[in-house]
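The numbering of the sequence shown is our numbering, which starts it at 13 and goes up by one. The beta-carbon is built from N, C-alpha and C at its ideal position, and this holds for glycine as well. Working notes for the structure below.
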Amino acid sequence: MKQLIQLALAVLGVSSVLYLGSFFIEHSQGASGADTLNIFNWGDYIDPELLEQFEEESGYRVVYETFDSNESMYTKVQQGGTAYDLTIPSEYMIERMIEEDLVLPIDYSKITGLENIDSEFLDQPFDPNNQFSIPYFWGTLGIVYNEQMVDEEDITSWSDLWNPEFRESILFIDGAREVIGIGLQTQGYSLNSKNDEELNESFELLRDLAPNAKALVADEIKMYMIQEEAPVAVTFSGEAADMMWENESLHYILPEEGSNLWFDNMVIPKTAQNTEAAYAFINFMLQPEVAAQNADYIGYSTPNKAAMDLLPEETTEDEQFYPSAETIEKLEVYENLGPEYIEKYNDLFLEFKMLR
């Protein structure tokens, strides 16, 4: 990711596809066949050199496409227009895809390297016994602030975001669960609340937060914070790591009220045309050296305990990105809310966006 940001800065204003490098330009058109692997992944979520290495070692040609939200990924997989062989959703979406029979069970006779994954990232409630998914990255949602613009003691909790001094100054990640979750956790409620009274109460609180929003964005949030176009942002831990690498005035904190602990896992959609290639890629990513290179490049936390031994101690001992067990106890994992409440969260989020 360090290389990615440097390249992106050099070509500011050019499409994100361009700063991902020539690999993605040449490998972004859908294809099929025994020698092709179609991957659908988040933007800025793999070291391009690893894709080239996989192609060289495996003989498969990778066709690589990106999405910017679990919901957009789900829609494309559900519609089946492109037969993706592998995608990397988050925990609550994996649970939903399992329930809707959209993913294949993992054939463990074809998996090598699972012993490298730390047991605490296996057998999670969203996929008991990892019947359908293999861990890829994990992380948290928190607050990034610029010490040149904000005093450390002024930004320790979600509630600090309501400070009138931040009017039209805060960048928010463009996600319904994340934004509605801020309102819920600020009031001590669960991120997975299905209580209409709690949701309405939290949204009323968010009405007062809307004037402080500068923008709701996705990957662009990194560039804006690096270039000091905002003093505060709500974003994910790996994004924060990228920003901090490029701008030493930036810092990442987990709010006192708690936050989201998330997991992204690799799954094989039921419409996959090349499961053998998908298994080859999963096994490749389970290799400690590969997982360590990917974690160092991207900035997110790896669940691969063998890879941890290959990363710098300053990285693995940094509790901003590898929080203590005590801190993790205050974090909450998103659950699949079901169609009714997914719609309610989305509706509230859209209304929040219209308030700006």
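{"query": "Give the single residue among Pro335, Gly270, Asn358 and Ala292 whose Cα lies nearest to the Cα of Lys122.", "result": "Ala292"}
{"query": "Return yes when the Cβ of Tyr96 is within less than 9 Å of the Cβ of Lys88, no when it is not.", "result": "yes"}
{"query": "Just how far apart, CA to CA, sit Ala242 and Lys282?", "result": "42 Å"}
{"query": "I believe Gln136 touches Phe275 by the beta-carbon criterion, under 8 Å. Please report the beta-carbon distance rounded to the nearest angstrom.", "result": "6 Å"}
{"query": "With DSSP run on the structure shown, which of helix, strand or coil describes Pro281?", "result": "strand"}
{"query": "Just the Cα atoms here: how many angstroms apart are Arg189 and Leu349?", "result": "10 Å"}
{"query": "With H, G and I counted as helix, E and B as strand and the rest as coil, what does DSSP make of Pro243?", "result": "coil"}
{"query": "Expressed to the nearest angstrom, what Euclidean distance is found between the alpha-carbon atoms of Met278 and Phe215?", "result": "33 Å"}
{"query": "Going by DSSP in three states, Asp97 sits in which element: helix, strand or coil?", "result": "coil"}
{"query": "CB Ser181 to CB Asn224, shorter than 9 Å?", "result": "yes"}
{"query": "Helix, strand or coil for Asn259 per DSSP?", "result": "coil"}
{"query": "When you compare only the Cα positions, how much space is there between Phe178 and Ile310?", "result": "29 Å"}
{"query": "Could you spell out where the alpha helix (DSSP H) holding Leu367 opens and where it closes?", "result": "Gly350 to Leu367"}
{"query": "Tell me the rounded alpha-carbon separation between Trp170 and Gly270.", "result": "9 Å"}
{"query": "Measure the Cβ-Cβ separation of Ile265 and Ile194 and say whether it is below 9 Å.", "result": "no"}
{"query": "Relative to the C-alpha of Glu344, which candidate in Thr152, Val229, Tyr157 and Ile58 has its C-alpha closest?", "result": "Thr152"}
{"query": "Determine the extent of the beta strand (DSSP E) in which Val115 is found, giving its start and end residues.", "result": "Per DSSP, Val115 belongs to no beta strand (DSSP E) and is neither H nor E."}
{"query": "Count the other CB atoms, across all protein chains shown, that sit within 10 Å of the CB of Leu362; report buried if there are 16 or more and exposed otherwise.", "result": "exposed"}
{"query": "Measure the alpha-carbon distance for Tyr148 versus Leu173 and round it to whole angstroms.", "result": "31 Å"}
{"query": "Pick out whichever of Ser336, Trp150 and Asn286 has its Cα sitting closest to the Cα of Ile51.", "result": "Asn286"}
{"query": "Buried or exposed: Ser34, going by 16 or more other Cβ atoms within 10 Å of its Cβ?", "result": "Caution is warranted here: a pLDDT of 47 is assigned to Ser34, below 50, making its placement in the model unreliable, and no coordinate value can be reported."}
{"query": "Does Gln197 pass the burial test, meaning 16 or more other C-beta atoms within 10 Å, or should it be called exposed?", "result": "buried"}
{"query": "Where does Leu367 land, buried or exposed, given buried means 16+ other C-beta within 10 angstroms?", "result": "exposed"}
{"query": "What residues match up with Ser271 in a beta bridge as DSSP calls it?", "result": "Leu343"}
{"query": "How far does the alpha helix (DSSP H) with Leu211 in it extend, from its first residue to its last?", "result": "Asp208 to Leu221"}
{"query": "Give the DSSP-derived three-state secondary structure of Thr12 in the structure shown.", "result": "Summary: the structure shown does not reach residue 12, with the chain confined to residues 13 through 368, and so no result is reported for it."}
{"query": "Measure from the alpha carbon of Asp220 to the alpha carbon of each residue in Gly200, Lys365, Ile58 and Gly55, then state which is nearest.", "result": "Lys365"}
{"query": "What's the gap between the Cα of Ser145 and the Cα of Met161?", "result": "42 Å"}
{"query": "Considering Gly193, what are the terminal residues of the alpha helix (DSSP H) in which it resides?", "result": "Ala188 to Thr198"}
{"query": "How should Ala245 be labelled, buried or exposed, when 16 other C-beta atoms within 10 angstroms of its C-beta is the threshold for buried?", "result": "buried"}
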